[in-house]
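Beneath this line is the structure, given in C-alpha cells, with notes to follow.
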Amino acid sequence: MILSASPWFIGLCLLVGAGYAALLYSAQAPWSRAVNYALAAVRLAVVSFLCFLLLSPFLKSTTTTTEKPTVVLALDDSRSVELFTPPAVLTEATAGLTRLAATLRGQGFEVETRTLAASRAARPDSVRFGAPATDLDGLLAGIGETFQGRNLAGVVLLSDGLVNQGQAPQFAEYRFPIYAVGVGDTIPKKDLSLPALTYNRVAFSGNQFPIEVELAYAGFAAGTTATVQLREKGRVLQTRRVALPAGQRRTKTTFLVTATGTGKRRYEVVAAPLPGEFTRLNNQKFAYLDVVKGKLRVLLAAAAPHPDLKALRAAIRQNDNFDLITYLPGISPLKNQDFDVAILHQLPARSGLGSEVLAQVTARRAPALYVLGPQSDFGAYNRLGAGLTVTPRGSQTDDVTPVPNPAFSRFTFEDDALRRFAAYPPAPVPFGEARLNDGAEAALWQQVGRVKTQKPLLVFGWSPAQRQATLLTDGSWQWRLQEAVEHDDRPEAYDRLVLRTLQLLTQNANRKRLDVYPTQDAFNTPDDVTFGAETYNAIFERVYGAPVTLTLTDEQQKTRSFTFAPTPDGAPVHLGQLPAGLYRYEARATLGGQLQQDRGEVLVQEQELEALQSRADHNLLAQLARRSGQRLYFPPQLDQLAQDIARAGYKPVIYEQEELKDLINLKWLFFLLLALMTVEWATRKYSGGV
C-alpha cells in the first residue's frame with residue numbers, strides 16, 4: 001500500500017505527465033492515430049511515475065506470526081537418578097515424558113527437551129543419566145534465559161531433588177510455571193558412606209599429621225562394626241574397626257600418618273562393604289597432600305604500625321607452611337634472622353626508616369612484596385626495579401576496588417572470590433601514573449567506581465635476579481575486615497590472595513627458559529585441566545610461537561601427549577577432563593636451537609558427588625512446584641499432568657510486524673520503466689520518427 005502521497009499530489013503528477021505527452025504528441029506524426037495515442041499513453045505513464053517517485057513514496061506491509069506455547073522438558077540426567085531409581089520406574093518416567101511430548105504437540109504446543117549435560121536432547125527416552133553433578137538452578141535459569149521474551153508455557157522438571165552444585169533452587173525466582181516430576185527413592189536404605197575427610201593440605205616431611213574420617217550410615221542394627229582402611233598406591237597403611245552407635249547417623253575415626261619424602265601424595269580411605277549394603281560407590285574417598293621439606297620464613301616489615309599488618313599477619317597464619325617474623329623500627333627489632341620472603345609495608349619510607357631491612361633484602365636477593373602507601377618513598381621504590389614505575393601527583397589518591405586480570409595465568413581466581421572482590425570497599429591508591437615495566441604482569445587491575453581500568457593494582461616483576469611484587473594500596477585491611485563481617489569470620493578470598501602471592505614469590509627463581517605449570521594446586525574430575533606455559537630466549541626475554549610438547553604420565557604409567565605454542569595473550573592450555581590420580585608431566589621445546597625441558601606434578605581429585613546421597617528429596621521438588629502455583633507429580637501421573645497443562649489454557653501469541661520499503665528501491669520498477677521507454681523509442685524509430 002502506497003502511503004506517502006495524497007490524491008492531490010498524485011493528480012499533479014498525472015497532470016505533468018499529460019502535459020509532457022500532449023506537448024510531444026500533439027503535432028502531426030508520420031504514424032497512425034492509434035500508434036500516436038499509444039505512444040502518448042506510454043510517455044504519460046513514464047513521466048507521471050517518475051514525478052511520483054520524486055515524492056519518496058513507500059510500501060507498508062504487515063506480517064503476522066503465530067508462536068505456539070512452548071513446554072520444556074527439563075531432565076535431571078545426573079548419575080544419582082539412574083543409581084537410586086528402580087529401573088522400571090525410570091523407564092516408565094522417560095516413556096511417559098515421550099508420550100507427554102507427543103500429546104502436547106497434538107494439542108498445539110511446541111515441546112523441547114533440555115538436560116544438565118547438554119542444552120538439547122532429542123527425546124526423553126534417549127537420555128543417558130551420567131552427569132557427574134546436579135545443578136538444578138543452572139538448568140532452570142538457563143531455560144529462563146533461552147526463552148526470555150518467548151511464549152514459554154512452563155517447564156516439566158524430572159528429578160530426584162538431590163542438588164550438589166550451584167544455588168539452592170528453592171530460593172531462586174523463576175518466571176515460569178514448574179511442573180515437578182519426582183523420581184528416585186525416599187525410603188532409607190542400608191548404606192555406609194564416607195562424606196568427608198578432614199586434613200591439612202600441606203604436611204612437613206618427617207612430621208605426623210592426622211586424617212579425620214567421617215562415616216555416615218543408615219539401616220544397620222545396633223552393634224554393627226565397620227572396617228576402614230588407609231591405603232597408598234594399593235598398599236594398606238593402617239586399619240581401624242569403628243563401632244556404629246545406634247541412634248546416630250554419623251561417627252568419626254582418625255588415622256595418624258607420618259609424612260615421608262617430599263612432593264604430592266595421594267592417600268585412599270576405604271570402608272569395607274557391609275552385608276546388605278545398597279551401593280559401594282560412596283565407600284571410598286581420597287586425601288591429597290603436598291609434603292614439603294620445612295616451613296618458609298616470612299619477614300613482615302613496616303615503617304610504622306598499621307591495620308594492614310594485622311590483616312596480613314592473620315592471612316599468613318592460615319597456612320602452616322609459613323613462619324612469621326615481624327619488624328617495626330623501635331618496637332620489634334630485626335635480629336640476625338634468616339627469611340625466605342619479605343613483605344615490605346611502605347618501605348622504602350620517606351623518613352629513611354627500615355633501611356637496614358631493605359639492605360638485607362637486596363643483599364639476599366630475597367623475593368619481596370612491596371605495599372605502597374603515603375609514607376612510601378616512590379623515587380627509591382622505582383629504583384628497585386620491582387616491575388612497576390609509579391609517578392604520583394602530589395598526595396592525591398583514587399579510591400579503587402580490585403578486578404582480576406583475565407590474562408594473568410600464574411594462579412586463578414575462583415568464582416566465589418570474584419563475587420567477594422566485587423563487594424570490597426574502595427581502598428586508596430596513589431593518583432598518577434603507574435607503568436608496567438618489561439617482563440612485569442598485573443594480577444589485579446583497579447576499578448574506580450563502576451569503571452574497570454587498565455591501571456595495575458597488584459603487579460609481579462619477573463627479573464632473573466629477584467622475584468618481586470607490588471600492591472599499590474595500604475588499605476587492603478578493609479577488604480579482609482569487610483569479608484570477615486559478611487562471611488561469618490571467613491575472609492577466604494583475601495587470605496588466598498595473600499598466600500598465593502607469597503607462594504608464587506617463593507617458587508624457585510625462574511632461570512628456566514621453559515616454564516610449564518598447572519594453573520591450580522589440584523583439579524577435580526569434572527574440571528577442565530589447564531596449564532600455563534612461558535618460553536624465554538637466551539637473555540630471558542619472553543618469546544612466543546615455539547611448539548611445546550607436554551607429556552602426562554599417570555600412576556599406571558599410561559601417557560598422554562599434547563602439543564601447543566604459548567601466545568602473547570597468556571591464554572592457558574586446555575587439556576580437558578582427566579581421570580582422578582597423580583600425574584607427572586614433562587614439557588619439551590626447542591628454543592634458539594637448544595632443547596629445553598620442564599617437569600612437575602599435577603593432582604586430579606575424584607568427585608563422587610552423585611553417590612553421596614541415595615535418598616531422594618521430593619520436598620525440594622514440591623517447594624519448587626508450589627512456588628509457581630503447581631504441584632508435584634510422579635511417573636504414573638504423567639497423563640494427568642498432560643490434562644492439567646491442557647486445562648491451564650495456554651494460548652498461541654500472535655505477533656504483527658510492519659515493514660516500510662521505499663518504492664524507489666524496487667528493482668523491477670526500474671526495469672519496467674526502462675522497458676516502456678525502450679518500446680516507445682523503438683516504435684518511434686521504426687515508424688519514421690526521431
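In this text, residue positions in the sequence shown follow this note's numbering: the first is 1, and each later residue adds one.
The beta-carbon is built from N, C-alpha and C at its ideal position, and this holds for glycine as well.
Contact between Val-42 and Val-16 does not hold, since their C-beta atoms are separated by about 15 Å, which reaches or exceeds 8 Å. At a cut-off of 3 residues, the continuous stretches assigned as beta strand (DSSP E) that sit fully inside the stretch 500-574 are 514-518, 522-524, 529-536, 548-553 and 559-564. Under the 8 Å Cβ criterion, the stretch 519-532 counts as touching the stretch 406-414, having at least three qualifying pairs.
When C-alpha distances from Gly-385 are compared across Arg-313, Pro-566 and Arg-467, the shortest belongs to Arg-467. Rounded to the nearest angstrom, the Cβ distance from Pro-169 to Asp-137 is 4 Å, consistent with a contact under 8 Å. Assignment of beta-bridge partners to His-345 by DSSP yields Ala-302 and Val-371.
Contact between Val-400 and Pro-430 fails: their C-beta atoms lie close to 11 Å from each other, not under 8 Å.
A residue is called buried once 16 or more other Cβ atoms fall within 10 Å of its Cβ, and Asn-537, having fewer, is exposed. In the DSSP assignment, Ala-271 falls within the unbroken beta strand (DSSP E) covering 263-271. Annotated three-state conformation of Tyr-650 is coil, per DSSP. Bridge partners of Leu-157 according to DSSP: Ala-74 and Ala-180. Between the stretch 231-250 and the stretch 298-318, the count of Cβ pairs shorter than 8 Å is below three; the stretches do not touch. Secondary structure note for Ser-61: its beta strand (DSSP E) is the uninterrupted segment 58-67.
Segment contact: the stretch 240-251 against the stretch 280-292, fewer than three CB-CB distances shorter than 8 Å; contact not assigned. Straight-line spacing of the CA atoms in Pro-402 and Val-498 works out to 13 Å. In its chain, beyond the 5 residues on either side, Thr-559, Tyr-583 and Arg-584 have a beta carbon closer than 7 Å to the beta carbon of Thr-553. Beyond the five residues adjoining it in sequence on each side, Gln-396 comes within less than 7 Å, by CB distance, of Phe-431 in the same chain, given in chain order. In this structure the stretch 206-221 does not lie against the stretch 646-654, because fewer than three pairs of beta carbons, one per stretch, are closer than 8 Å. Judged by DSSP in its simplified three-state form, Lys-685 adopts helix. Residue environment for Phe-84: buried (at least 16 other C-beta atoms within 10 angstroms of its C-beta). Gly-394 and Ala-302 have their alpha carbons spaced roughly 22 Å apart. In this structure Asp-160 is buried. Its beta-carbon is surrounded by 16 or more other beta-carbon atoms within 10 angstroms.
Within the DSSP bridge table, the entry for Arg-588 names Thr-549 and Gln-597 as partners. Secondary-structure assignment with DSSP links Gly-461 through a beta bridge to Ala-440 and Gln-468.
Of all alpha-carbon atoms in Leu-194, Glu-356 and Gln-640, the one lying nearest the alpha-carbon of Gln-613 is that of Leu-194. Between Tyr-25 and Asn-36, the beta carbon gap of about 5 Å places them in contact (Cβ cut-off 8 Å).
Judged by DSSP secondary structure, Arg-393 falls within the beta strand (DSSP E) whose first and last residues are 388-404.
The alpha-carbon separation between Leu-472 and Gln-520 amounts to approximately 25 Å.
In this structure, the alpha-carbon of Asp-398 lies about 5 Å from that of Pro-428. Considering only Gly-182, Gly-149 and Lys-60, the residue with the shortest C-alpha distance to Leu-97 is Gly-182.
Burial check for Gln-596: the Cβ neighbour count within 10 Å reaches 16 or more, so the residue is buried. For Thr-251, the enclosing beta strand (DSSP E) covers residues 250-258. About 22 Å separates the beta carbon of Leu-502 from that of Asp-598, a gap too long to meet the 8 Å contact definition. In the structure shown, the three-state DSSP call for Tyr-174 is coil.
Judged by DSSP secondary structure, Arg-235 falls within the beta strand (DSSP E) whose first and last residues are 235-243. Along the stretch 186-223, the alpha helix (DSSP H) does not occur as any fully enclosed run of 4 or more residues.
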